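These notes are about the structure you will find just below.
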DNA sequence: GAGCACTGC
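This is how it looks when you write it as structure tokens:
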């Protein structure tokens, strides 16, 4: 399972060099002061008072894309210092690492944190720490040497041999980059840097495709998904003395499930951990922790005689004041209001100070960019110049990086036109003014329709605050909200958690696989509608994951172990059956389908499009998108001379293609272990032979076992009508099937934007649907 | 002939 050399494939685009003392990765500011000479670790507040950094003198500022911070060759050893009372040492030769740590706001709270966590009966601690407080790196280091964190040998009920319980602290992150980078950082601070070939160390990490857990690891960073997988094998988390849940305010689906499982462990059968308590530390960057406190507090009230045993600690961050300005009355035209505001700020506010504007999406951004460029040409020569830079996820990394660099010409104000990518994921340096249009595109699942919608909706108060905060990173700032104060007050406090916006199919399978019989009774901070859970149960039953009585089947258990959605798991299991026997082919297709964004990039210019289409002809197949993906993987794997050039010609995203290859290797390995494959296929490159039409039919029929509900028939008027629900769907223009008329289609995605679209489409025969449905 | 935030096993 481990892929030791896969760090090079880790996504890098979210890692943005912010200033000389820190980097921002996935919304997290990580100090790199310890890697640098001590002079660079001066406190931010001091810089602010005599702020003179103009965008143009920060020539070093750029996304550091391919350089994970390397530990210094002679990493300072402070293994024993970490926990000592060296705060009052203050010697002449102070360790720069320790100095940097000591300047973090959380450092002053370490005794308090230790005391509260140690206290008997306090099992849940909520720490609210603003960005830059240092909570992610320091909290585990404050705790791992505490007596309660020792490994114990205990006797468990019904077991002869003694087992170990505790000893490690788990700390979860929503994103892989954050988990690995934090582990690197903390491993250096703890005196045992990772990745130097040393067999032992205090700090490790475990994320998909990359596991580094040295012998003696006491602090382990994981992604939420990885800890959920560990729960399959270790339902009581016996490895751990404490679990730290970081960034809970993001309310990912995985973190909501984790919270439920932790609550069950906390207030369930303590004998299963040999009476050794599990400490739970919840960390949030936003103050809205009422739901969390109530969730764990209620547990305490139910499970114990006394009331709440949830402790709350608040730690200040480092943020400059931001003045909020509202519109006096609702604006009739957002785009128009936005442009006027940009020009007003540009003319009235001093330089330096760039503008960050939050817009709905690509379309609005491109339109605004054109209008600003038009306006810029009309500016008088004595007025500073203005330049508009787009920033959204679909842009290439190179195009995105422009937004992080200061404007090329002097006396120029940069206007970054961004989606909510700039709200949490990345930090744009140099911003003093934020313009917030008050909306964002949100994906929402409609369980009854079995489809998703992606529409612009008002943001939450919490989002609005977050957006405004982007103006106060480097000095006092201003935020112009293109809506009224009343409108702000009427916004929802926080965004809907993912569990209420997503299909809960996977979540229900996760619960069932971890022994939850009654999923409706599972403790959740926000429970989905019963109808959504019922739909998921029915769907899982159809997929063969649940038996008629609702218990999980062997197939369901296997599906839950795979890093795939439940329908794709069902497809893989079908492929292993003697009827189809096409596991390798299905893995090739699934690898491409699940490697992040589409591996086929969109081509903008028309002449470029023709050339790319000509090159793509050799991978495109008339059977549809699945067989096209499969062929792409097989040709890519067979390519022996220059894979990068091969991708470039076809406008295939190289990073996603490498990721697909990674997934393919992982799935092959897992299929071997799960006995879906009898032997490992020969290594690449193997000569390419086009898939026979018979094999292609088998592959598509396997996919029907997972997606029979996602099919549509050609109607007499030439439209497609879904078999379930009788909705009209159009084939999305990104599909190779676009514009074609076949008697029936199967699609893997169903999205409503301004039309009902079917994506990832394959041609099928009507009789196949009945076949798959009527098994 | 579309036009779309982010992430994870």
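Numbering (the numbering used here), first residue to last: 233 to 1007.
Positions of the beta carbon are idealized from the N, C-alpha and C atoms, including for glycine.
From a predicted model like this one, the values you see are computed outputs, not experimental measurements.
Coarse secondary structure for residue i, derived from DSSP in three states
i           : result
residue 758 : coil
residue 815 : helix
residue 480 : helix
residue 910 : coil
residue 492 : helix
residue 646 : strand
residue 607 : helix
residue 314 : Because residue 314 sits at a pLDDT of 39, beneath the cut-off of 50, its placement in the model cannot be relied upon, and the point is left open.
residue 368 : helix
residue 586 : strand
residue 974 : coil
residue 358 : strand
residue 960 : strand
residue 617 : strand
residue 890 : helix
residue 508 : coil
residue 335 : coil
residue 794 : coil
residue 563 : coil
residue 402 : strand
residue 385 : strand
residue 475 : strand
residue 595 : helix
Residue i versus residue j: straight-line alpha-carbon distance, rounded
i           : j           : result
residue 470 : residue 654 : 39 Å
residue 234 : residue 823 : Here the model assigns residue 234 a pLDDT of 37, short of 50, so the residue's position is not dependable and the matter cannot be decided.
residue 764 : residue 931 : 30 Å
residue 993 : residue 968 : 8 Å
residue 855 : residue 356 : 54 Å
residue 505 : residue 401 : 15 Å
residue 423 : residue 416 : 11 Å
residue 575 : residue 634 : 21 Å
residue 540 : residue 711 : Summary for residue 540: the model assigns pLDDT 48, below 50, so the residue's position carries little reliability; its value from the coordinates is reported in the next sentence. In a straight line, the C-alpha of residue 540 is about 39 Å away from that of residue 711.
residue 722 : residue 524 : 23 Å
residue 918 : residue 814 : 17 Å
residue 556 : residue 581 : 15 Å
residue 399 : residue 495 : 20 Å
residue 991 : residue 790 : 27 Å
residue 387 : residue 393 : 7 Å
residue 300 : residue 442 : With a pLDDT of only 34 at residue 300, under 50, the local geometry of the prediction cannot be trusted, and the value read off the model is given with reservation. Each residue's Cα considered, the two are about 15 Å apart.
CB contact flag (residue i, residue j, <8 Å)
i           : j            : result
residue 695 : residue 725  : no
residue 704 : residue 552  : yes
residue 345 : residue 374  : yes
residue 473 : residue 380  : yes
residue 940 : residue 1004 : yes
residue 868 : residue 825  : no
residue 900 : residue 912  : yes
residue 643 : residue 616  : yes
residue 645 : residue 707  : no
residue 404 : residue 459  : yes
residue 960 : residue 986  : no
residue 977 : residue 996  : yes
residue 818 : residue 804  : yes
Where the beta strand (DSSP E) through residue i begins and ends
i           : result
residue 954 : 952 to 954
residue 945 : 943 to 946
residue 743 : Counting along the chain, residue 743 falls outside any beta strand (DSSP E), though it belongs to the alpha helix (DSSP H) covering 737 to 745.
residue 668 : 663 to 668
residue 748 : Residue 748 -> no beta strand (DSSP E), and no H or E assigned at all.
residue 990 : 988 to 996
residue 515 : 511 to 516
residue 542 : 542 to 547
residue 460 : Here residue 460 belongs to no beta strand (DSSP E); instead the alpha helix (DSSP H) covers 456 to 465.
residue 397 : 395 to 397
Where the alpha helix (DSSP H) through residue i begins and ends
i           : result
residue 625 : Looking at the DSSP string, residue 625 is not in any alpha helix (DSSP H), and its letter there is neither H nor E.
residue 570 : 566 to 580
residue 930 : 925 to 939
residue 555 : Careful: residue 555 lies outside any alpha helix (DSSP H), inside the beta strand (DSSP E) at 554 to 557.
Proximity test, residue i beta-carbon vs the ligand MN heavy atom, cut-off 7 Å
i           : result
residue 825 : This structure does not include the ligand MN; it has no bound ligands of any sort.
- Item | Entirely enclosed beta strand (DSSP E) segments - the region 404 to 451, minimum 3 residues | 435 to 439 and 442 to 444
- Which runs of the beta strand (DSSP E), 3 residues or longer, sit entirely within the region 823 to 887? none
- Could you pull out every unbroken beta strand (DSSP E) segment of at least 3 residues lying fully inside the region 652 to 732, listed in chain order? 663 to 668, 671 to 678, 683 to 690 and 709 to 713
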